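These notes are about the structure you will find just below.
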Amino acid sequence: MTQPPGQQPPQGGFGDPFDPSQGPPPAAAPSYGYPPAPGAPQGPYGHRPGPYAPQPGPYGQQPSGAYGGPGPYGVQPGPQGSQQPAPYGAGSPPPDPGGAGKRRGPFTGKPALIIGAVLAVVLVAGTGVWLATGDGKPAAGTGGATGKPSGSAATGKDGKGGNDGKDEKVAGPTAAELNAGRKPGEAKVLWLRENGVDLPQYGEEAYGPWFAGDTVVKAMYRTVSGYAAADGAEQWTLALPTKLCAAPTLPTDDGKIVVGIEDNVSEREASCSVLQMIDLRTGKAGWKKTVDRTGMQDGLSNVAMAVSGDTVTFGRTGSTDAFRVSDGTKLFGKREDVCQPYAFTSGPRMIAAVSCQVEPTDPVRQQVQEVDPVTGKPLWTYRVKDGWKVSHVFSTRPLVISIQKDEEWAGIVLNDDGSLRSQLITGTGNYAVRCGEDSVEAGGTLDGCAGVTADADRLYLATLPEVTKESSINKVVAFDLATGRVLWDVTGPEDQNLLPLRMEGSDVLIRVEPSYRRGGEVATVAPSGGALKTLLRHPASGAATEATLFRSKVAYVDGRSFILASRISADDDAEEMAATALMVFGR
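Last residue of the sequence shown: 610 (the numbering used here), numbering continuous.
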């Protein structure tokens, strides 16, 4: 195919890009993407795990730098013989017992229990975090720092979330205590909240933060709580009958969300099959429905939820059900087709990941579609090259898709009509976009990742840190969406990782993660590159506490930064209850 005038052929990518001279494809006609040619340089995920993987270490281990520094286990070997540094902080939470036996690769996001040692691996993948998707809404992205150590049956946890009565009361830090050492120019800890939720033996994942008016909401296990964004006063708490098991990244514009909860309290037999609507402004529970998941393939599938307009989708392998958020009316379900959507994006634009399989023994082929959120009908279809799977959506406008084939990764950019615009030419770079899993099929949502965002002309990605014995440094790299080529990069401070979150006006909003002795920051960089400009510098006196918020999710709203631990786990119930779950910084 002849290249458009002035455009260079992609290197190590998908082959020929879409040729505008041929005209756009028909509305529902599939277009085709072409993954990197054999021998081309690996993309962001290469054959390396993410840099934020807490390695086994004794509880109470003192940190030594943001990611580097010798720990009791030294540097751990990664796949293909690569070496990964042990990060700072105390030990890391082990996984849900149900996570045992899952394939663990370089992109794995949920913790895993390995021969009695505690290992948490944080993934590489994802959409412009919903801490602000390209649609300009508040969003939450994942940042990172190790959490408190995990518990065991021998240290006070009964394995069922109950307290054995042997733990003494433990008090977490207060905002006043953390602000006592605040220096000029540093923001305040406006407020913080302890976990306060008694959890099962291996801890639980947190959901949120979600925003509804002046209320910020977090959810964990069987509890959903709303707080006043300004001062942290508890507005309401809703107790759920069973455990939270799935949730969208965004609520509706009028502050409603639908979450997935399990159908019973059994650890081994519970199914993530019950939908519960919640009004986040009032804390009132609304309609409730059970989705039939009796099919073998359905019952074993992970769940991916999303909200678009007044529609909530409950996706899983081979089927998706959609309901009206306001009243629970079913809008659409399984298609009469060999191609079934299994995950969608939240926000104004509903993008679907679709799997096609004629017979159970046939290879699976995947597609990307834009879907009408009311009818479920595709507006256009883009067919992914055979053998490649959709892992996440980086951004919905512009539309940037992350796809994978085994250990290979590629990023593709689509036009609004679903035709191919460009591919990312990543060369030998290693990137550090972080989501809950390496792909939506492995669990989590199609969107909701940190470390990536986009504007109309560029995509911004975080790199893996370059680690030495003395320090760790990473960059943010800008790609030209017209050509897929790198335009510029900006380097972060030593031992403080940079993660793009969303666009702040025309600038890129960036999370500067804390080290043990230096507080985190919220900063911006111009779309043309240049130096970081600090918007909010978190106090160094609160750095140690901020760093304990495991794989923190970050939202910057109305000049305040909201930092939520993505998972809570501790040695005993008292520590667990007192663990800091949410910190808020501001002027």
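Idealized CB from N, CA, C, for every residue including glycine.
Remember, it's a predicted structure, so these values are computed and weren't measured experimentally.
Problem set entry | contact_flag[the segment 424 to 432, the segment 481 to 490] where n(CB pairs < 8 Å) is 3 or more | The segment 424 to 432 makes no contact with the segment 481 to 490: fewer than 3 CB pairs, one atom from each, lie closer than 8 Å.
For this session: Go through its chain and collect everything with a Cβ distance to K211's Cβ below 8 Å, but skip five positions before and after it.
Result: Within the same chain, A198, N202, R205, P562, F608, G609 and R610 come within 8 Å of K211 by CB-CB distance, once the 5 residues on both sides are set aside.
For this session: Would you mind giving the Cβ-Cβ distance between T340 and Y365, rounded to the nearest angstrom? I have them listed as a contact below 8 Å.
Result: Going by Cβ atoms, the distance from T340 to Y365 rounds to 5 Å, so yes, they are a contact pair.
Exercise. Residue range of the beta strand (DSSP E) that E493 falls in?
Worked result: Counting along the chain, E493 falls outside any beta strand (DSSP E), and DSSP gives it neither H nor E.
Exercise. In this structure, does DSSP put A593 in helix, strand or coil?
Worked result: In the structure shown, A593 falls within a coil segment according to DSSP collapsed to helix, strand and coil.
Problem set entry | Local Cβ density within 10 Å of P537, reported as buried at 16 or more and exposed below that | The residue in question, P537, is buried, as its Cβ has 16 or more Cβ neighbours within 10 Å.
Problem set entry | Local conformation of A612 per DSSP, three classes | Since the first residue shown for the chain is 24 and the last is 610, residue 612 is missing from the structure and cannot be characterised.
For this session: Specify the secondary structure class of I212 as computed by DSSP and reduced to three states.
Result: First, the amino acid is wrong: residue 212 is Val here, not Ile. Judged by DSSP in its simplified three-state form, V212 adopts strand.
For this session: Could you tell me the distance, in whole angstroms, from the CA atom of L437 to the CA atom of T506?
Result: When rounded, the distance between both Cα atoms is 12 Å.
Exercise. Is T568 helix, strand or coil by DSSP?
Worked result: Helix at T568.
Exercise. Based on the DSSP secondary-structure assignment, which residues constitute the bridge partners of T476?
Worked result: DSSP lists Y483 as partners of T476.
Exercise. Quick one: is P207 buried, meaning 16 or more other Cβ sit within 10 Å of its Cβ, or exposed?
Worked result: It is exposed - the Cβ of P207 has fewer than 16 other Cβ atoms within 10 Å.
Exercise. Which partner residues does E489 have in the DSSP bridge list?
Worked result: I496, per the DSSP bridge assignment.
For this session: Name the one or two DSSP bridge partners that D530 has.
Result: Under the DSSP definition of a beta bridge, D530 partners with E527.
Problem set entry | Selected residue, minimal CA-CA separation from D302, among A567, G434, R316 and V281 | It is V281.
Exercise. DSSP three-state call for D321: helix, strand or coil?
Worked result: Helix.
Exercise. Taking the alpha carbon of R508 as the point to measure from, which residue in G370, D518, I448 and T343 has its own alpha carbon closest?
Worked result: The shortest Cα separation from R508 among G370, D518, I448 and T343 belongs to I448.
Exercise. Taking Cβ positions only, does K556 come closer than 8 Å to chain C?
Worked result: The question asks about chain C, but that chain is absent: this structure has only one protein chain.
Problem set entry | Spatially closest choice to L559 from P196, T603 and D581, by CA coordinates | For the residues P196, T603 and D581, the minimum Cα distance to L559 belongs to D581.
Problem set entry | N520 classed as buried or exposed, judged by whether at least 16 other C-beta atoms fall within 10 angstroms | N520 comes out buried.
Problem set entry | Residues sharing a beta bridge with G457, DSSP | Looking at the sequence shown, residue 457 is not Gly but Arg. In the DSSP output, where bridge partners are listed per residue, R457 has A473.
Exercise. What do you get for P79, buried or exposed, if any count of 16 or more other CB atoms within 10 angstroms of its CB means buried?
Worked result: Because the pLDDT at P79 is just 32, under 50, the model does not fix this residue reliably, and the point stays unresolved.
Exercise. Taking the Cβ atom as the reference point for each residue, do T238 and A252 lie within a distance shorter than 8 Å?
Worked result: Yes. Within cutoff.
Exercise. G166 to S575, Cα distance in whole Å?
Worked result: The predicted position of G166 is uncertain, since its pLDDT is 37 and thus under 50; no value can be drawn from it.
Exercise. Is S418 near T336, with beta carbons less than 8 Å apart?
Worked result: In this structure, T336 does not lie closer than 8 Å to S418 by Cβ.
Exercise. Hey, L215 and L605 are a contact pair by Cβ (cut 8 Å); roughly how many whole angstroms apart?
Worked result: So it is a contact: roughly 6 Å between Cβ atoms.
Exercise. Below 8 Å between beta carbons: does that hold for K357 and F346?
Worked result: No, they are not a contact pair.
Exercise. Using DSSP with H/G/I as helix, E/B as strand and the rest coil, what is V239?
Worked result: Assignment of V239 by DSSP, reduced to helix, strand and coil, places it in the strand class.
Exercise. By a C-beta neighbour count over all protein chains shown, 10 Å radius and 16 as the cutoff for buried, is Q320 buried or exposed?
Worked result: Burial is judged here by how many other beta carbons sit within 10 angstroms of a residue's own beta carbon; Q320 has fewer than 16 and is exposed.
Problem set entry | E217 versus V577 - alpha carbon distance | Approximately 17 Å, taken between the alpha carbons.
For this session: Determine the direct distance from the alpha carbon of A235 to that of E257, and round the result to whole angstroms.
Result: Take the alpha-carbon of E257 and the one of A235: they are about 14 Å apart.
For this session: Please state whether DSSP places M615 in a helix, a strand or coil.
Result: In the structure as shown, the chain begins at 24 and stops at 610. Residue 615 is therefore absent and cannot be evaluated.
For this session: Within its chain, find whatever has a CB closer than 8 Å to the CB of P386; leave out the 5 residues flanking it on each side and keep chain order.
Result: Counting only Cβ-Cβ distances below 8 Å, and skipping sequence neighbours, we find Q380, D409 and G410.
Exercise. Considering only residues of the same chain and omitting the five flanking positions on each side of L555, which have a CB-CB separation below 6 Å?
Worked result: Taken in chain order, the residues that qualify are A546 and V548.
Exercise. Where are the alpha helix (DSSP H) runs, 4 residues long or more, that stay fully inside the segment 253 to 333, in chain order?
Worked result: Qualifying alpha helix (DSSP H) stretches, in chain order: 319 to 323.
For this session: Could you name the residues of the same chain whose beta carbon sits closer than 6 Å to that of E285, not counting the 5 residues immediately before and after it, in chain order?
Result: Within the same chain, E285 has close Cβ partners T265, K266, C268, A293 and C295.
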